[in-house]
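Note that the protein sequences, when read in sequence, are chains A and X.
The first sequence begins at 118 in our numbering and counts up by one.
The second sequence begins at 585 in our numbering and counts up by one.
These notes are about the structure you will find just below.
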Amino acid sequence: DTGVSQNPRHKITKRGQNVTFRCDPISEHNRLYWYRQTLGQGPEFLTYFQNEAQLEKSRLLSDRFSAERPKGSFSTLEIQRTEQGDSAMYLCASSSSGGGYEQYFGPGTRLTVT
Amino acid sequence: SQKIEQNSEALNIQEGKTATLTCNYTNYSPAYLQWYRQDPGRGPVFLLLIRENEKEKRKERLKVTFDTTLKQSLFHITASQPADSATYLCALGFSGGYNKLIFGAGTRLAVHP
Chain A
118 DTGVSQNPRH KITKRGQNVT FRCDPISEHN RLYWYRQTLG QGPEFLTYFQ
168 NEAQLEKSRL LSDRFSAERP KGSFSTLEIQ RTEQGDSAMY LCASSSSGGG
218 YEQYFGPGTR LTVT
Chain X
585 SQKIEQNSEA LNIQEGKTAT LTCNYTNYSP AYLQWYRQDP GRGPVFLLLI
635 RENEKEKRKE RLKVTFDTTL KQSLFHITAS QPADSATYLC ALGFSGGYNK
685 LIFGAGTRLA VHP
């Protein structure tokens, strides 16, 4: 297994458009997290899945954001009606509930809203 | 209010010296603390975890301390190398919280030959 993968790596979109990002976690990991990171800041927690259940959502996740993990494997994060303030790096991480607390991050998807 | 503070300015040190990075937090009660390394354009990479009942952890050239009274963690890199240049993030974890992490803003370390 090569680690957590994210697609696309970069996305440029116009304000008002919808975008969808995909995350493929490490295959045996049942926990999946989405974070958002802006320049000069650390990652901010957005949402958490254990298997297919979305168990926690940050208040940062407005109603324009939705995340799914339909079969407990890959996950998607959709942003509707994008705004310039959505421009950021979107990071996905996974971990195993049977392992330690460390999280394994993907390379991120950089979103630019023009 | 709740805060995590890391050195906001970049830390510049000479190769071979020990780098010491600081993470202070306010109004949190973490069960554990983690340190990650992040290179430009990449996701964070896990380095070390220390629990609230542990004072010190070591891994090769890395050492982390955790003082829950001072609400502070120190991260040391001994015999630093230019390849250690990166941003280092501290993150707080909590029991019963699905292991979501609260990150500091990070400290940029530059090791000069």
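Beta carbons: idealized from backbone N, C-alpha and C, even for Gly.
- Against chain X, the beta carbon of A:Phe162 has neighbours under 9 Å at Lys684, Leu685, Ile686 and Phe687, listed in chain order.
- Contact check between the stretch 214 to 222 of chain A and the stretch 646 to 659 of chain X: fewer than three CB pairs, one atom from each, fall below 8 Å, which does not count as touching.
- From the beta-carbon of X:Leu673, the residues of chain A found nearer than 9 Å are Gly159 and Pro160.
- Contact of X:Gly690 with chain A is assigned, a C-beta pair being separated by under 8 Å.
- Between A:Thr229 and A:Ile129, the C-beta spacing is below 8 Å.
- Boundaries of the beta strand (DSSP E) around X:His660: Gln656 to Ile661.
- Between A:Tyr207 and chain X, the shortest Cβ-Cβ separation is not below 8 Å.
- By the rule that beta-carbons nearer than 8 Å mark a contact, A:Phe222 touches chain X.
- Neighbours of X:Gln618 in chain A, taken as residues at a C-beta separation under 9 Å, are given in chain order as Tyr218, Glu219 and Gln220.
- For the stretch 629 to 661 of chain X, residues whose beta-carbon sits nearer than 8 Å to a beta-carbon of chain A comprise Val629, Phe630 and Leu633.
- At a cut-off of 3 residues, the continuous stretches assigned as beta strand (DSSP E) that sit fully inside the stretch 160 to 202 of chain A are 161 to 167, 170 to 174, 182 to 185 and 192 to 196.
- Out of A:Ser175, A:Arg181 and A:Ser190, the CA that lies nearest to the CA of A:Val136 is found in A:Arg181.
- Annotation: the continuous beta strand (DSSP E) that includes A:His127 extends over His127 to Thr130.
- At a C-beta separation below 7 Å, X:Arg626 has these neighbours in chain A: Pro224.
- Of all residues in the stretch 169 to 201 of chain A, those with a C-beta nearer than 8 Å to a C-beta of chain X are Leu172 and Glu173, reading in chain order.
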